[in-house]
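Working notes, beginning with the structure itself.
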Amino acid sequence: MDMPTPDARIIARKDELVTRLRGVLPGDAVIADGYEIKAYECDALSAYRCPPLCAVLPATTQEVSQVLKVCHDLGVPVVPRGAGTSLAGGALPTADSVILGVGRMNDVIETDYENRIIRVQSGRTNLSVTDAVEDEDFFYAPDPSSQLACAIAGNIAMNSGGAHCLKYGVTTNNLLGVTMVLMNGEIVEIGGAHLDAGGYDLLGLICGSEGQLGVVTEATLRILRKPEGARPVLIGFDSNEVAGACVSDIIKAGVLPVAIEFMDRPCIEATEAFAKPGYPDCEALLIVEVEGSDSEIDSQLSVIKSIAQSLNPIELRESKSEEESAKIWLGRKSAFGAMGQINDYMCLDGTIPVSELPFVLRRIGEMSKQYGLGVGNVFHAGDGNMHPLILYDANKDGDLEIAEAFGAEVLKLCVEVGGCLTGEHGVGIEKRDLMTVQFDPVDLEIQMAVKDVFDPKWLLNPAKVFPLDSSAKRRAG
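With the sequence shown counted from 1, adding 44 to any position gets you the numbering used here.
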């Protein structure tokens with residue numbers, strides 16, 4: 045993966061930069077030591093590493109503003125970083141950049157149960173938002189698999205979803221407002237504690253912009269009442285294609301489960317060895333969960349089970365207790381860690397129409413044989429957000445490049461069938477050179493023109509999202 049040539053002039057001024065940053069932040073909030081800085085040289089796309097000039101850890105919006113003013117004045121690029129869980133290289137630094145981490149900004153600012161909102165600093169972890177309100181029987185809906193660790197800042201940057209986004213939507217559907225700092229240090233408020241803001245939908249621009257337009261420091265989020273109850277069913281099939289057909293049939297039937305999750309045999313076997321959830325011996329399984337009152341749950345599950353039975357499942361298991369529900373979900377929640385126990389892998393993130401699931405799963409299997417690399421499929425099937433895990437050996441020369449080529453073909457396939465390059469991981473560095481597959485030159489020019497308005501010098505999160513030659517020309521002016 046190519047990275048831009050670092051600006052030697054900026055690197056030569058590192059001492060001046062660090063001195064000025066220490067003038068606006070507490071002493072321990074500026075990390076410039078060669079060993080300590082290694083913690084920031086990569087994110088969860090750990091195949092690529094590049095130490096930054098330094099890292100800063102502000103604790104307030106005002107401190108973020110001061111940092112950006114210094115970097116803007118010196119022409120130093122800034123890479124915003126939430127918790128570093130990006131799987132697309134979204135927080136990978138360049139050698140001439142400053143990492144701006146929001147991990148110390150994790151307070152709850154305001155909770156308003158009557159209006160169903162919570163305002164938090166953007167470094168707060170996803171799961172801890174629900175932790176803050178669950179005693180009052182509320183929850184925050186978006187639930188990415190990394191929710192124990194990932195930060196709201198990153199969720200907003202990548203428009204993250206999760207298992208329950210089929211019913212409740214992704215981050216953009218649960219975000220009401222942000223406090224954001226522009227690259228020149230100006231603090232702006234966008235949206236707020238109300239259903240819809242007047243004027244242009246700037247919030248829609250910010251959510252999913254991957255830190256390219258500003259640094260989000262605070263967020264106003266929608267919180268929801270917990271449902272009366274929830275119940276999953278586990279359905280095993282003898283082929284990926286039949287499982288994909290079941291997903292499509294459920295959606296066509298007009299039933300709206302809260303979640304439909306898919307796992308194939310490699311993931312089933314890995315999670316069974318790792319977490320022992322008691323999954324059946326099958327080629328593919330679905331976890332379908334519905335919510336509501338007991339009668340609503342029974343009615344929805346009746347339709348779902350009828351559809352599944354028509355496809356001759358190997359096993360159909362309906363949860364009878366909270367303990368059984370937890371066990372059904374245990375394997376799915378453990379899948380990424382379980383796969384990491386057996387192999388290095390590259391986690392993709394493409395989205396397709398649900399009706400295309402059987403075809404796409406078959407083509408991925410054919411590509412696996414073509415490229416000579418195994419693949420495990422585990423993903424949010426209800427909204428077509430796929431996460432194929434391409435297995436490779438990081439210590440074998442050439443394997444990473446083969447995995448990248450395989451991944452690029454899978455993502456191209458997603459676009460070809462009417463989907464898109466990403467669902468919730470973002471573009472980052474991973475997919476920037478594939479943007480021309482989905483967008484024509486006019487589309488890309490319009491997107492880059494938006495960045496021109498917010499960040500005229502192109503200093504925020506360099507080398508991401510747009511093809512490298514295009515962003516390099518923009519930054520050069």
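Glycine is no exception: its CB is placed at the ideal position from the N, C-alpha and C atoms.
Using only CA atoms, which one of the options lies nearest to residue i?
i, options, result
"D293", "P397, I161, D441, G145", "P397"
"D393", "E362, D156, H469", "H469"
"P310", "L374, V120, N387", "N387"
"M227", "G119, A73, R148", "G119"
"G420", "N284, K517, G147", "N284"
"P50", "D140, G71, K58", "D140"
"M224", "G298, Y212, D87, T104", "T104"
"P186", "R476, I446, L265, S514", "L265"
"P188", "R406, T215, N356, V74", "T215"
"V347", "I54, I295, E316", "I295"
"T261", "L101, A314, E178", "L101"
"A91", "G451, A438, G381", "A438"
"L433", "E489, K440, V422, E154", "V422"
"A83", "G145, I55, R53", "G145"
"P301", "E335, G273, E272, V286", "E335"
"F380", "G463, K113, Y212, L131", "L131"
"K113", "L405, I231, A237", "I231"
"E178", "Y157, A195, G213", "Y157"
By Cβ distance below 8 Å, which residues in the same chain neighbour residue i in space, the five residues on each side in sequence not counted?
i, result
"D181", "R269, K270"
"V291", "I304, F306, L330, V398, L401, A425, G426"
"H116", "M227, N228, G229, K501, L503"
"K326", "The amino acid at residue 326 is misidentified as Lys; the sequence shows Cys. So the list reads G280, F281, D282, R309, I312, I358, E359, once near-sequence residues are dropped."
"G463", "G394, T395, I396, P397, E400, G428"
Return the Cβ separation of residue i and residue j in integer angstroms, given the expectation that the two are a contact with Cβ distance under 8 Å.
i, j, result
"L455", "L465", "5 Å"
"V164", "E107", "Their Cβ separation, rounded to whole angstroms, is 17 Å, which puts V164 and E107 out of contact at 8 Å."
"A127", "G78", "Wrong, their Cβ atoms sit about 23 Å apart, outside the cutoff."
"R148", "A135", "R148 to A135, Cβ: 16 Å. No contact."
"Q353", "V299", "The Cβ separation is near 15 Å, so there is no contact."
"M411", "E453", "6 Å"
"I267", "I162", "5 Å"
"A23", "F318", "Since the first and last residues shown for the chain are 45 and 521, residue 23 lies out of range."
"G536", "F498", "Given that the chain is displayed from residue 45 to residue 521, the structure contains no residue 536 and the question cannot be resolved."
"P511", "D484", "Rounded, the Cβ-Cβ distance is 13 Å, inconsistent with contact."
Does the beta-carbon of residue i have 16 or more other beta-carbons within 10 angstroms, so that it is buried, or is it exposed?
i, result
"G288", "buried"
"I250", "buried"
"Q414", "exposed"
"G133", "buried"
"N203", "buried"
"L210", "buried"
"V142", "buried"
"N159", "exposed"
"S337", "exposed"
"Q256", "buried"
"S339", "exposed"
"E333", "buried"
"T174", "buried"
"S253", "buried"
"L65", "buried"
"N505", "buried"
So, helix, strand or coil for residue i, using DSSP?
i, result
"H424", "strand"
"A193", "coil"
"T63", "helix"
"L144", "strand"
"N284", "helix"
"F483", "coil"
"G462", "coil"
"G384", "helix"
"T174", "helix"
"C391", "strand"
"I161", "strand"
"G235", "strand"
"V123", "strand"
"V225", "strand"
"Y84", "helix"
Residues in its own chain within less than 7 Å of residue i by CB, not counting five upstream and five downstream?
i, result
"R361", "V277, L278"
"V459", "L465, V481, Q482"
"A507", "M47, P48, T138, I473, S515"
"S378", "T315, F318, A319"
Please go through the same chain and pick out, in chain order, the residues whose beta-carbon is closer than 6 Å to the beta-carbon of residue i, but skip the five residues on each side of it.
i, result
"G235", "L220, G221, A241, L247"
"L192", "L171"
"N150", "Q165, G167, R168"
"G34", "Because residue 34 is not part of the residues shown, which for the chain are 45 to 521, the question remains open."
"S190", "T129"
"R519", "W502"
"P137", "C94, P96, V123, I143"
"R594", "The structure shown has nothing for residue 594, since the chain only spans 45 to 521."
Could you tell me if the beta carbon of residue i falls within a distance shorter than 6 Å of some heavy atom in the ligand SAH?
i, result
"M383", "As presented, the structure is devoid of all ligands, the ligand SAH included, so that no description of it is given."
Checking contacts by CB at 7 Å: is residue i closer than that to chain D?
i, result
"N387", "Looking for chain D here will not work: only one protein chain is present."
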